[in-house]
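Quick mapping for you: the protein sequence lines, in order, are chains A and B. When the letters of the first sequence are read in order and numbered with numbering that gives the first Met the number 0, they come out as residues 0 to 134. When the letters of the second sequence are read in order and numbered with numbering that gives the first Met the number 0, they come out as residues 0 to 200. Take a look at the structure set out below.
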Amino acid sequence: MNLMLGQKELDRIHHSLKKNLIDIGAQSSMLIDTAGNIIAVVNNGSDIRDVYSLAALAAANFGAMNSMAKIVGEDEFSLLFHKGRTENIHLSKVNRDFLLINIFTNQLSLGFLRMKVAEVIKDLLGILVAKKPAN
Amino acid sequence: MAFINLKEKIIQAKIVYYGPGRCGKTTNLEYIFSQCRGQVQSEMVSVKTDGDRTLFFDFFPFDMGKINEYDVKIQLYTVPGQVKYNSTRRLVLKGVDGLVFVADSASDRRASNVNSLENLQENLALYGRDICSIPLVMQYNKRDLAQQGTEVLELETLEEDLNRRLKAPFFEASAVEGLNIVPTLKKIVSSTMAALEEELR
């Protein structure tokens with residue numbers, strides 16, 4: 000089963016990530032699938048060198064969290080937040096197959112980010128659900 | 000599930016090294032990493048236990064060049080071999096495009112090899128996948144043990160136990176010595192790329 004996204008869909012994804020997340024102060028925003036593939040990356044000019052490893056680890060992190068959810072009797076945990084001294088990572092589930100990763104500093108409030116993430120997820124679902132896997 | 004980015008013309012494909020505990024999956028990746036440094040833009044990521052056993056996976060991405068104007072990025076993963084980590088093995092298998100099954104040639108690991116291959120098929124079935132429909136290469140690792148006086152399984156025995164039905168291409172290898180590690184990789188990459196090319200048509 001392969002997923003193919005065309006120029007139009009990727010442009011729409013980039014636009015939504017930039018407008019809703021980068022423009023409010025997030026450093027980097029990535030859409031990945033739950034197998035660890037990168038679908039889109041947008042950043043504010045700060046370079047995160049190893050995005051492929053980050054995506055693989057984020058997907059694994061989310062997978063582990065879902066297994067933990069089942070152990071405690073939950074269907075899922077839909078978000079994950081790692082707080083650092085200056086850098087933070089916020090991971091959200093978009094749907095069964097996709098995750099949204101945001102990297103941001105303490106200058107951006109977590110509440111505001113979460114509000115904008117919810118808006119982006121609505122946008123992304125509109126784009127991704129319309130684009131079913133190729134086979 | 001390979002991801003194909005039409006805008007940036009990138010194909011991302013996932014190859015997983017599977018096999019029983021201590022069969023040499025991580026050593027395979029370490030050797031490849033040391034030999035292909037020029038094609039790897041990042042460090043090798045290893046999620047390990049304190050005892051240096053793989054807890055989640057080892058991982059690194061590397062550039063394979065181009066197919067039909069598309070940049071091909073291969074993501075190499077291992078799984079934890081220990082029986083108790085089955086749930087993490089399952090997670091790593093998600094979206095796999097190519098498989099290397101690393102078997103341990105030591106005679107006393109015969110049952111572990113068979114059990115691990117069965118476990119692979121069960122885990123693939125959970126994703127609705129059949130091992131016969133995924134590019135697969137068999138690697139009979141630790142062939143060097145014979146020189147150290149350890150009893151090893153005959154090639155025919157390994158083939159009979161593991162590859163009689165699958166008939167996958169196989170290599171006799173030694174990950175610690177680097178014997179047939181790169182040829183194993185080349186074979187699985189070419190099989191995976193051929194399968195993806197077929198799907199792209």
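Built from N, CA and C at the ideal position, the CB exists for glycine as well.
What is the rounded straight-line gap between the Cα of residue i and the Cα of residue j?
{"i": "leucine 47 of chain A", "j": "histidine 81 of chain A", "result": "For clarity, residue 47 of chain A is isoleucine in the given sequence; the question names leucine instead. Taking the straight line from one Cα to the other gives about 17 Å."}
{"i": "leucine 178 of chain B", "j": "leucine 157 of chain B", "result": "18 Å"}
{"i": "leucine 119 of chain B", "j": "isoleucine 130 of chain B", "result": "8 Å"}
{"i": "alanine 167 of chain B", "j": "asparagine 87 of chain A", "result": "45 Å"}
{"i": "serine 64 of chain B", "j": "aspartate 70 of chain B", "result": "Serine is not the amino acid found at residue 64 of chain B; the sequence shown has glycine there. Their backbone Cα atoms lie some 6 Å apart in a straight line."}
{"i": "aspartate 143 of chain B", "j": "valine 46 of chain B", "result": "27 Å"}
{"i": "alanine 205 of chain B", "j": "lysine 13 of chain B", "result": "Nothing can be reported for residue 205 of chain B: it is not among the residues displayed for chain B, which extend from 0 to 200."}
{"i": "serine 106 of chain B", "j": "serine 190 of chain B", "result": "30 Å"}
{"i": "phenylalanine 170 of chain B", "j": "leucine 112 of chain A", "result": "51 Å"}
{"i": "valine 119 of chain A", "j": "arginine 108 of chain B", "result": "51 Å"}
What three-state label does DSSP hand residue i in the structure shown?
{"i": "glutamate 155 of chain B", "result": "helix"}
{"i": "threonine 149 of chain B", "result": "coil"}
{"i": "aspartate 107 of chain B", "result": "helix"}
{"i": "tyrosine 17 of chain B", "result": "strand"}
{"i": "lysine 69 of chain A", "result": "helix"}
{"i": "glycine 37 of chain B", "result": "helix"}
{"i": "asparagine 134 of chain A", "result": "Unreliable positioning characterises asparagine 134 of chain A in this predicted model, as indicated by a pLDDT of 43, which lies under 50. The coordinate reading is nonetheless provided below. The answer is coil: DSSP assigns asparagine 134 of chain A none of H, G, I, E or B."}
{"i": "threonine 53 of chain B", "result": "strand"}
{"i": "serine 108 of chain A", "result": "coil"}
{"i": "aspartate 32 of chain A", "result": "strand"}
Count the other C-beta atoms from every protein chain shown that fall within 10 angstroms of the C-beta of residue i, then say buried if there are 16 or more, exposed otherwise.
{"i": "asparagine 14 of chain A", "result": "Checking the displayed sequence, the identity of residue 14 of chain A turns out to be histidine instead of asparagine. So histidine 14 of chain A counts as exposed."}
{"i": "leucine 154 of chain B", "result": "exposed"}
{"i": "glutamate 75 of chain A", "result": "exposed"}
{"i": "lysine 141 of chain B", "result": "buried"}
{"i": "methionine 114 of chain A", "result": "exposed"}
{"i": "serine 132 of chain B", "result": "exposed"}
{"i": "glycine 135 of chain A", "result": "In the structure as shown, chain A starts at 0 and stops at 134, and residue 135 of chain A therefore has no counterpart that could be examined."}
Is it true that the CB of residue j sits closer than 9 Å to the CB of residue i?
{"i": "phenylalanine 100 of chain B", "j": "phenylalanine 59 of chain B", "result": "no"}
{"i": "glycine 94 of chain B", "j": "threonine 33 of chain A", "result": "yes"}
{"i": "leucine 92 of chain B", "j": "leucine 123 of chain B", "result": "yes"}
{"i": "glutamine 49 of chain A", "j": "glutamine 40 of chain B", "result": "It should be noted that the sequence gives aspartate, not glutamine, for residue 49 of chain A. Cβ atoms of aspartate 49 of chain A and glutamine 40 of chain B: closer than 9 Å."}
{"i": "valine 181 of chain B", "j": "glutamine 34 of chain B", "result": "yes"}
{"i": "lysine 126 of chain B", "j": "alanine 102 of chain B", "result": "Before going on, a small fix: residue 126 of chain B reads as tyrosine here, not lysine. Their beta carbons are not under 9 Å apart, which means tyrosine 126 of chain B does not touch alanine 102 of chain B by this criterion."}
{"i": "glycine 110 of chain A", "j": "lysine 6 of chain B", "result": "no"}
{"i": "asparagine 101 of chain A", "j": "serine 28 of chain A", "result": "yes"}
{"i": "leucine 90 of chain A", "j": "leucine 107 of chain A", "result": "no"}
{"i": "isoleucine 3 of chain B", "j": "glutamate 196 of chain B", "result": "no"}
Exercise. Given 8 Å as the limit, is there contact between the stretch 115-126 of chain A and the stretch 69-78 of chain B, that is, 3 or more CB pairs closer than that?
Worked result: no
Exercise. Do the stretch 38-47 of chain A and the stretch 59-73 of chain A touch if we need at least three Cβ pairs shorter than 8 Å?
Worked result: no
Exercise. At a cut of 8 Å, does the stretch 6-25 of chain B reach the stretch 80-87 of chain B through at least three beta carbon pairs?
Worked result: yes
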